[in-house]
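Asks: According to our numbering, the sequence shown holds residues 3 to 341 in order.
Each residue gets a CB set at the ideal place from its N, CA and C atoms; glycine is no exception.
This one's a predicted model, so the numbers in the text were calculated from it and none came from an experiment.
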Amino acid sequence: MELPLLSIIIPVYNAEKTIGRAILSVIEQTEVDFELLLVNDGSTDNSLAVMTQFAEMNPRIKLFSRPNEGVSGARNFGIEQAKGKFISFLDADDYYAENGLGSFMKELDDHTQLVIYGYDIVYDTKTIECSPPVKPSLSFTEKESFRDYCLLLIEDEIINAPWNKVYLKSYLLEHQILFPADLDMGEDLKFNLDVLKDVQYVKVIPKPLVNYTVKKGAGLVSKFRANRLELRYMLMMELKKLIFTWGKLDKTEALIDRMLMRDIMAFFMDFYKQNCPYKSAERREIAGVILKQEEIREIIMRHQPDDFITKLLKIILITYNSRLILLSAKILNIGRGFR
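The structure is reproduced here in structure tokens:
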């Protein structure tokens, strides 16, 4: 039996309202020879029933059901089961553009290790925003030329997600690249940093081929993570280390500082998520501890703002005033809820 060209992996946890749309968007990729791997990650709603109906009607759909281990474990299981030459990931609440994959999959050769394409952001209000534009269609066959270009992708944060990419399966296996099951945040970026370390043959598609959905007010109710800043700092240091090995750190150190500045403020904003367990006094105490850390102060002092928002952000943070910073974070978080 001939093996499929592409294995599409969808990890599913309690997505009964959206998984049907995601599956249909895959089935409608009529110009692509694919298999669809649905990995049920211990769902407690009707997701499994919805997926079973689709799997019974379409032989290209393979359904697996496992105890809940998180998205990384589900994706890694999908990689192990994949029979395709290439692998792509899709989240259960996202969906492909019509024949988006067919626009380029047939053009991939045996050397292509990575494909990167754009995406649209779809809100509950049905408004659509384009992601930062992926630059003109390009093909890279040398590591050095791609690394120069990759710095632009880092700045636009195009590299973070796995669902706007196609990966050569043999490249993942050869370099033993899997999603880190020990991380509950930033696992996508860590995976892609591992991919970027040695990648050489890359194609860039300048079109939004996947729709990334965001629920209104999702920032207010998403999971509160007390270790968010620690994890982001660790990932930014991984990114910094990677770029250093490329010999290009002088071009991106300011960028990494800017990303960390946003992360610092985002951490304080998280105190105002609905499921944050800390009261006002505890928030001020934790903020005070964070603001006393030497590496945090170094980032704040070193950062050179280049627009009004980041200048204002630095002015607020450089006061090291817990009350002022938390008040600003509360206001920003309210604004996030109206997105």
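(1) Which residues in the same chain have their Cβ closer than 6 Å to the Cβ of V223, if we skip the five residues on either side of it in sequence?
(2) Note down, in chain order, each residue of its chain lying with its Cβ closer than 6 Å to the Cβ of L110, except the 5 sequence neighbours on either side.
(3) Determine whether the beta carbon atoms of A17 and D95 lie at a separation below 8 Å.
(4) My understanding is that A99 touches L211, with C-beta atoms under 8 Å, so please give their C-beta distance in whole angstroms.
(5) What are the residues that DSSP puts in a beta bridge with E131?
(6) Where does N78 sit, in a helix, a strand or coil, going by DSSP?
(7) When the Cα of I298 is compared with those of Y235, Q31 and E82, which residue comes out closest?
(8) Does the Cβ of C152 have 16 or more other Cβ atoms within 10 Å, making it buried, or fewer, making it exposed?
(9) Output the distance between the C-alpha atoms of K250 and A289, rounded to the nearest integer angstrom.
(10) Since V52 is in the alpha helix (DSSP H), which residue starts that stretch and which ends it?
(11) Does DSSP put T215 in a helix, a strand or coil?
(12) Which residue spans inside the segment 134-200 form an unbroken beta strand (DSSP E) run of at least 3?
(13) With DSSP as the reference, identify every bridge partner of P210, one or two as the case may be.
(14) Looking only at its chain, what residues have a beta carbon closer than 6 Å to the beta carbon of Y15, apart from the 5 residues adjacent to it on each side?
(15) Express the C-alpha separation of E255 and D362 in angstroms, rounding to a whole number.
(16) If we count Cβ pairs, one from each stretch, closer than 8 Å, do we get three or more for the segment 173-187 versus the segment 145-163?
(17) Buried or exposed: where does I63 fall if 16 or more other Cβ atoms within 10 Å of its Cβ makes it buried?
(18) Determine whether the beta carbon atoms of G104 and E33 lie at a separation below 8 Å.
(19) What does the Cβ neighbour count give for K253, buried or exposed, with the cut at 16 atoms within 10 Å?
(20) What is the DSSP secondary structure of F270, reduced to helix, strand or coil?
(21) Could you check the C-alpha separation between L39 and S9 for me, to the nearest Å?
(22) Could you give the DSSP three-state label for L39: helix, strand or coil?
(23) In terms of residue numbering, what span does the beta strand (DSSP E) encompassing R68 cover?
(24) Just the Cα atoms here: how many angstroms apart are I21 and A76?
(25) Work out the CA separation of A283 and D126 for me, nearest whole Å.
(26) Expressed to the nearest angstrom, what Euclidean distance is found between the alpha-carbon atoms of E82 and I89?
(27) Would the beta-carbon of D272 fall within 8 Å of that of R227?
(28) So, for L155: in the same chain, excluding its five sequence neighbours on each side, which residues have a beta-carbon less than 6 Å away from its beta-carbon?
(29) Exposed or buried, P13, counting other C-beta atoms within 10 Å across all chains shown (16 or more means buried)?
(30) Within 10 angstroms of its Cβ, does N166 collect 16 or more other Cβ (buried), or is it exposed?
(31) Per the DSSP calculation, Y98 is bridged to which residue(s)?
(32) Could you check where the alpha helix (DSSP H) with S105 kicks off and where it finishes?
(33) Kindly indicate which three-state DSSP category K253 falls into: helix, strand or coil?
Replies: Quick answer:
(1) Looking up residue 223 in the sequence shown gives position 221. Confidence at V223 is low in this model, with a pLDDT of 41, below 50, so the placement of that residue should be treated as unreliable; the coordinate-derived value is given next. Contacts found: Q276.
(2) Residue mapping note: residue 110 aligns to position 108 of the sequence shown, counting from 1. So the list is empty, once near-sequence residues are dropped.
(3) Along the sequence shown, read from residue 1 onward, the residue named residue 17 stands at position 15. Along the sequence shown, read from residue 1 onward, the residue named residue 95 stands at position 93. Yes, they are a contact pair.
(4) Reading the sequence shown from its first residue, position 97 is the one you call residue 99. Reading the sequence shown from its first residue, position 209 is the one you call residue 211. The Cβ separation is near 5 Å, so the contact holds.
(5) Along the sequence shown, one-based indexing puts residue 131 at 129. Its beta-bridge partners are I123.
(6) Counted from its first residue, the sequence shown places residue 78 at position 76. N78 falls in the helix class under three-state DSSP.
(7) On the sequence shown, position 296 is the one that residue 298 refers to. Measuring from the Cα of I298, the nearest candidate turns out to be Y235.
(8) Start at 1 with the first residue of the sequence shown, and residue 152 comes out as number 150. Label assigned to C152: buried.
(9) Start at 1 with the first residue of the sequence shown, and residue 250 comes out as number 248. Start at 1 with the first residue of the sequence shown, and residue 289 comes out as number 287. If you take the alpha carbons of K250 and A289, they lie about 33 Å apart.
(10) Reading the sequence shown from its first residue, position 50 is the one you call residue 52. Note, V52: alpha helix (DSSP H), S49 to M59.
(11) Start at 1 with the first residue of the sequence shown, and residue 215 comes out as number 213. T215 falls in the strand class under three-state DSSP.
(12) 140-142 and 167-170
(13) To locate residue 210, count along the sequence shown from 1; it is residue 208. DSSP lists G120 as partners of P210.
(14) Counting from one through the sequence shown, the residue named residue 15 turns up at place 13. These residues qualify, in order along the chain: D43 and S45.
(15) Since the first and last residues shown for the chain are 3 and 341, residue 362 lies out of range.
(16) no
(17) Numbered from 1 along the sequence shown, position 61 holds the residue referred to as residue 63. Label assigned to I63: buried.
(18) Position 102 of the sequence shown, counted from the start, is the residue given in the question as residue 104. Position 31 of the sequence shown, counted from the start, is the residue given in the question as residue 33. Yes. Within cutoff.
(19) Mapped onto the sequence shown, residue 253 falls at position 251. Classification for K253: exposed.
(20) Position 268 of the sequence shown, counting from 1, holds the residue named residue 270. The answer is helix: DSSP assigns F270 an H, G or I state.
(21) In the sequence shown, counting from the first residue as 1, residue 39 sits at position 37. In the sequence shown, counting from the first residue as 1, residue 9 sits at position 7. Distance between the alpha carbons of L39 and S9: 7 Å.
(22) In the sequence shown, the residue the question calls residue 39 occupies position 37. L39: strand per DSSP, three-state reduction.
(23) Along the sequence shown, one-based indexing puts residue 68 at 66. I63 to R68 is the span of the beta strand (DSSP E), which, as asked, contains R68.
(24) To locate residue 21, count along the sequence shown from 1; it is residue 19. To locate residue 76, count along the sequence shown from 1; it is residue 74. Distance between the alpha carbons of I21 and A76 is about 15 Å.
(25) Stepping through the sequence shown from its first residue, residue 126 is reached at position 124. Stepping through the sequence shown from its first residue, residue 283 is reached at position 281. Whole-angstrom Cα-Cα distance: 35 Å.
(26) Mapped onto the sequence shown, residue 82 falls at position 80. Mapped onto the sequence shown, residue 89 falls at position 87. Those two C-alpha atoms are separated by around 11 Å.
(27) Your numbering for residue 272 matches position 270 in the sequence shown. Your numbering for residue 227 matches position 225 in the sequence shown. Cβ distance < 8 Å, so D272 and R227 count as in contact.
(28) In the sequence shown, the residue the question calls residue 155 occupies position 153. So the list reads I161, once near-sequence residues are dropped.
(29) For this step, residue 13 is matched to residue 11 along the sequence shown. With 16 or more Cβ atoms within 10 Å of its Cβ, P13 is classed as buried.
(30) Along the sequence shown, one-based indexing puts residue 166 at 164. The residue is buried, with at least 16 neighbouring Cβ atoms inside 10 Å.
(31) Here residue 98 corresponds to residue number 96 of the sequence shown, with the count starting at 1. DSSP output for Y98 lists V212 as bridge partner(s).
(32) If you number the sequence shown from 1, residue 105 lands on position 103. Per DSSP, S105 belongs to no alpha helix (DSSP H) and is neither H nor E.
(33) Taking the first residue of the sequence shown as position 1, residue 253 is located at position 251. In this structure, K253 counts as helix in the three-state DSSP scheme.
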